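From first to last, the protein sequence lines stand for chains A and B.
The numbering of the first sequence is this note's numbering, which starts it at 1265 and goes up by one.
The numbering of the second sequence is this note's numbering, which starts it at 1265 and goes up by one.
Below: one structure, written as C-alpha cells.
Protein chains: 2
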Amino acid sequence: MRWWGWGHDGVSFTHEDKPALGGFLRQRIDLDVSGVTSVPVAFEDLRITEPSLSPGLQAALEQALGGGPASTDPLDRLEHARGKSLRDLVRHRRGELGRLPDVVVRPGDEDQVAAVLRAALDADAVLIPFGGGTSISGSLEASEEEERTVISLDLSRLSGVLAVDAASRLARIQAGAFGPDLERQLNARGWTLGHFPDSFTHSTLGGWIATRSSGMQSDRYGDIGDLTRAVRVVTPAGLLVTRPVPSTSTGPSVREMVLGSEGRLGVITEATLHVRRVPEQRIILGYLFPTWADGLAAMQDIAASEAAVSVTRVSDASETAFSFATRKRPSILDRLKSKALTTYLRRRHGFDVEAMCLSFIGYEGSRRHVEAQRKLVGRIVGRHGGVCIGSSPGELYDQKKFDTPYIRDFLL
Amino acid sequence: MRWWGWGHDGVSFTHEDKPALGGFLRQRIDLDVSGVTSVPVAFEDLRITEPSLSPGLQAALEQALGGGPASTDPLDRLEHARGKSLRDLVRHRRGELGRLPDVVVRPGDEDQVAAVLRAALDADAVLIPFGGGTSISGSLEASEEEERTVISLDLSRLSGVLAVDAASRLARIQAGAFGPDLERQLNARGWTLGHFPDSFTHSTLGGWIATRSSGMQSDRYGDIGDLTRAVRVVTPAGLLVTRPVPSTSTGPSVREMVLGSEGRLGVITEATLHVRRVPEQRIILGYLFPTWADGLAAMQDIAASEAAVSVTRVSDASETAFSFATRKRPSILDRLKSKALTTYLRRRHGFDVEAMCLSFIGYEGSRRHVEAQRKLVGRIVGRHGGVCIGSSPGELYDQKKFDTPYIRDFLL
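What follows is the structure, given as C-alpha cells:
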C-alpha cells in the first residue's frame, strides 16, 4: 500500500480515458482536470524523526518475535502511522506526519503476539494493532504528545484459514488474513465468507472485526458482527477466548464488546466465522429508477419482500451522473445503444435523465433460485417505475467495485 | 400464574385421556401414573415471614408510584419469589420458600420505574426486576442471607406497543408486554414480532431481552438479540438509551451487553424491535425420519439450503415415542390410518418404528412462496429417507406447543 494514498503502485484513476469526466467535474464541483493534481511531498523530503526505542525494549521485542526483527525502517514506520481517511491522506501528502510509531513488529503466531504485548506492558510502551491500514477512524495514530514508545503490531503474518467445520459451517481464520487471500483459501475448499467491504482488497479480518465492518453483500451474508461467531483476543489481562459455537442464547455478549472495539481491548488474533458454500451462479443486474424516491421505495420493498438478494444499492442522481461520466471511450455500437436507451427511457417511461437513479441488485445461488429471485425483484422494480438495463453495467460494477478509493487520490 | 407450578388455574396435563401414556411412562422411567402426584404444601400451611420494610421506604415507594400501592400481600410476595426452573418448583412445592421479596411494586411508566430505583438506592435496598416470572436461571431470587429489604419490581403494567415505523419496520414496545398481548397489539396493525419461546404465553418482552431468549421460529425471525434493535434501561447511573435504528456498524454494542444481563444492569423499560408483516399463509408439516442421524443431517442440509423455513425441529426416538404416547383416545379412523402408516413405513421405507424420529418444519409467507419452500424441503427430506406425514400432526403441535411446561407439574 502506498504511504500517501490508496492501493497498489502503478494502479491509478485517470480522466484521460473518460471523455465525459472533465466536463462533469468542471460543471459539478468547478474542478479543472487539466490542472495538476497536488503532488505528495517526496519520501526523501519527509522529516522522519528518529525512533524512540530503548535497547532493552528492542531486545525484548526481538526475543518476543523469536529472534525476528523489530523494524525501525523509516518507510515501514511511515506506512504504519495512519489509516486512509481523507484527513490522514491530506496530512501525509503534505508531509505533516504526526507521531510516527517507533517500531513495527510482525509476530508469526498468537504466542508471539502475547509476548510482544508483555514486552510492551513491561516497558510501559504503547501498542497499536495494525491490520491492512485502511482505518478511517484514526485508531492507528498515536497522540501527537505521546512520549512513551509506540509499537505498531502488524498482523499480516497471521493469515491462515486454519480449519473449516463443514457440519457447523464455521471456519477458524487468523486475524491478519487480507480479503482476497482469505477468500482464495476458503474458495479452494468450496466455501466463502461473503464479506466484501469497500476496502476488501487491502483490509484484514481482524480489522473488519475491530471496526465492525459492513460489506456490499451484507444483505445476504450479514455484517461482520453476524458472521463472527467467536474471537480470540490477546489482552493485557491474558487471552480472551469466546466459545466457538454457531449460536448461544445466554448472557451478555463479550464477542459484541470486541466487535468495533478499534484495538482498545487487545489484539484480535483469530476468529471463528460463519461460512457458506460458494454459489453456483452469481450475477449483478443494473436497474434505472425515474427518481431517488422511487429507487429508495423499491429497495425498502425488496428488503421487506420474500426475495433473497445479495446486493441492493441505489445511487442518487448525482452519483448516477458521475457513474455515467466515468464511462470509458465508448464504441460506436455503445453510443448507439446508449442513445437508444436514453430515448427509450424518455419517450416510453417519461424519465427525466437528470433525475434518474442507477441501482445494482445482486443474486446468488442455484440457477433456478437466481431466476426466481430476479422475477420477484423485477415485479417490485416495475411497481416503482424502474427498468432493468441488463447485466453489463452490473458486471462493470462488480469488476470495479473495489477501485473507488483510487478516485480520491485523483481528486486530491 | 400458579405459585407452585405452571400456567393458568384449571389447566393441567393428565394421563387420563391418553391411553398409551401410562404404559410408556412405566416402561421408560418406571413411573406409575395411577399413583398420586406429590401435592404442594397448601398455601395456608406455608411459613411466610413478615416483610422487612421500613415505614420510610414504604412511603418512598408509594410516592414513587404516584400514590399507588407497595404490596406486602403474602401471595403476591410468594409469586414473585422465584422463577419456574425445576429447582424453583420442587422447593416451592415443598414449602421451602427461601428469601421472599418484602414488597412488590408495579410502576405504571418509566418515570415511576426510575423513582422506585432511586428510592431503593436511597434506602440501600435490593431491587429485582420481574417480567412474567418464568426465569429458569435463578435471577428472580434474593440470597437466603440477604438482610437488606428486597423489592420485586413487576413490569406488567408497561404493556403497550407504543408505535410502529412502517418504513424501517421497527416497533417501540414496553418491556412488560406478555407474548400473546404483544402479538395481538402488533397483529391488529398488520405486524408480527415472530418471537415464540416455549414460555411465550407467560413471559414478557423485557424478560426475553434480559435472558437473551430464543424462539421456535428463530430460523426465520432470528433470536431476540437479532430482533432487538435498541433498548431503554433505567440504571443506577441514569437512563440508558441506545440509538433506535435498524442497523449500525461502529463501536462495541451496548445493546448486546443488556441482552442476557438478567436484570443486573438495570430495569429494561422499552425496546425497539424489528417487526414483519403478518404472513398470508402459515403451515407446519410433520415429517418422519428413519433415524436421529438422518433427521439431524436433513436439518443441517435445510439450514444450508436456499429454502426459507420458519420452524425446523426434529425429536430423537425417545421424544418421538413420547409424542405418540400422548395422543388422545383415537377414533377408529385414526387407528386405521395410524396402523396403515406404520405398516407403510415399515414395508415401503424399511423404518424401524422404535428408531424413527418425528420432525416439524414450518413455512410462512405468500402461498406461492410456501409452496416453493415445501418443494425444496421435500427434496432434502427425501434424500435423507424422510417422509412427509401431512399437516395434522403439525397443526396439533402448533396448538399445543406452549403447553409442554404443564407436563412437568404432572410428573412432579
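Ideal placement from N, C-alpha and C gives every residue a C-beta, glycine not left out.
All of these numbers come straight from a predicted model, not from anything done at the bench.
- request: Determine the contact status of Thr1468/B and Phe1442/B, defining contact as a CB-CB distance below 8 Å.
  value: The answer is yes: Cβ separation under 8 Å.
task: Taking only beta-carbon positions, decide if Pro1669/A is within less than 8 Å of chain B.
output: no
- request: Please check if any C-beta of chain B sits within less than 8 Å of the C-beta of His1633/A.
  value: yes
- prompt: Which chain A residues sit within Cβ distance under 7 Å of Thr1514/B?
  reply: Within chain A, the residues placing a beta-carbon under 7 Å from that of Thr1514/B are Arg1476, Gly1524, ordered along the chain.
message: By the DSSP assignment, the alpha helix (DSSP H) with Ala1383/B in it spans what residues?
response: 1374–1386 is the span of the alpha helix (DSSP H), which, as asked, contains Ala1383/B.
message: Let me confirm a value: His1459/A is counted as buried when at least 16 other C-beta atoms fall within 10 Å, else exposed. Which label applies?
response: By the 10 Å Cβ count, His1459/A comes out buried.
field: Buried versus exposed, by CB contacts within 10 Å (16 or more), Ser1416/A
entry: buried
task: Could you spell out where the alpha helix (DSSP H) holding Leu1674/A opens and where it closes?
output: According to the sequence displayed, residue 1674/A carries Phe and not Leu. Segment 1668–1675, the alpha helix (DSSP H) holding Phe1674/A.
message: I need the straight-line Cα distance from Trp1556/A to Pro1333/B, nearest angstrom please.
response: 55 Å
task: Could you check which residue in Val1297/B, Val1275/B, Tyr1627/B has the C-alpha nearest to that of Asp1483/B?
output: Nearest option by C-alpha distance: Tyr1627/B.
query: In terms of residue numbering, what span does the beta strand (DSSP E) encompassing Ala1535/B cover?
result: It spans 1531–1538 - the beta strand (DSSP E) in which Ala1535/B sits, taken as one unbroken run.
query: Would you say the beta carbon of Gly1372/B comes nearer than 7 Å to a heavy atom of the ligand SAM?
result: Ligands displayed in this structure: none; no statement on the ligand SAM is therefore possible.
- prompt: How should Pro1304/A be labelled, buried or exposed, when 16 other C-beta atoms within 10 angstroms of its C-beta is the threshold for buried?
  reply: Its Cβ being crowded by 16 or more others within 10 Å, Pro1304/A is buried.
- prompt: Mind checking if Ala1431/B is an interface residue toward chain A, Cβ cutoff 8 Å exclusive?
  reply: yes
query: Quick one: any contact between the segment 1557–1574 of chain B and the segment 1529–1540 of chain B, if contact means 3 or more CB pairs under 8 Å?
result: Taking a cut-off of 8 Å on C-beta distances, the segment 1557–1574 of chain B does not touch the segment 1529–1540 of chain B, as fewer than three cross pairs fall below it.
message: At the level of alpha carbons, what is the spacing between Arg1346/B and Gly1402/B?
response: 7 Å
task: Report yes if the CB atom of Leu1321/B is closer than 8 Å to the CB atom of Val1531/B, and no otherwise.
output: Taking 8 Å as the Cβ cut-off, Leu1321/B and Val1531/B do not qualify as a contacting pair.
- request: Ignoring anything shorter than 4 residues or poking outside the segment 1419–1447 of chain A, list the alpha helix (DSSP H) runs there in chain order.
  value: none
task: Tell me whether Leu1609/A sits in a helix, a strand or coil according to DSSP, three-state version.
output: DSSP places Leu1609/A in helix when its eight states are reduced to three.
message: Applying the 10 Å Cβ sphere with the 16-neighbour rule, what's the burial state of Glu1360/A?
response: exposed
- prompt: So is Lys1348/A buried or exposed if we call it buried at 16+ other beta carbons inside 10 Å?
  reply: buried
query: Should Gly1629/B be flagged as near chain A, meaning a C-beta pair shorter than 8 Å?
result: Output row for Gly1629/B: interface = yes.
message: By the three-class DSSP mapping on this structure, what secondary structure does Thr1584/A have?
response: helix
message: Quick check on this structure: which residue in Gly1479/A, Leu1385/A, Val1497/A, Ala1378/A has the alpha carbon closest to the alpha carbon of Ile1437/A?
response: Val1497/A
field: Interface partners of Gln1564/B on chain A, CB under 8 Å
entry: Ala1431
- prompt: Taking only beta-carbon atoms, is Ser1517/A less than 8 Å away from chain B?
  reply: yes
- request: Could you pull the start and end residues of the alpha helix (DSSP H) that Leu1339/B belongs to?
  value: Residues 1338–1343.
message: Give me the DSSP bridge partner(s) of Ile1415/A.
response: Val1367/A, Leu1391/A
Bounding residues of the beta strand (DSSP E) (the contiguous stretch that carries Gly1502/A): 1502–1505
message: Distance check for Arg1433/B and Thr1584/A, CA to CA, integer angstroms please.
response: 28 Å
Delimiting residues of the beta strand (DSSP E) encompassing Arg1577/B: Taken as a continuous stretch (DSSP letters only), the beta strand (DSSP E) holding Arg1577/B covers 1575–1578.
- prompt: How do the segment 1544–1556 of chain B and the segment 1607–1616 of chain B stand: do at least 3 beta-carbon pairs fall below 8 Å, yes or no?
  reply: yes
- request: Whole angstroms is fine: what's the gap from Asp1429/B's alpha carbon to Leu1560/A's?
  value: 16 Å
- request: Grab me the residues of Phe1674/A's own chain with a C-beta within less than 8 Å of its C-beta, minus the 5 sequence neighbours each way, in chain order.
  value: For Phe1674/A, where only same-chain residues beyond five positions count, the Cβ hits under 8 Å are Ser1276, Phe1277, Thr1278, His1279, Thr1301.
Proximal residues to Arg1519/A (C-beta, below 8 Å), its chain only, five neighbours per side dropped: Same-chain partners within the cutoff: Thr1492, Arg1493, Ala1494, Val1495, Thr1506.
- request: Measure from the C-beta of Met1521/B to each C-beta in chain A and report whether the shortest distance is under 8 Å.
  value: yes
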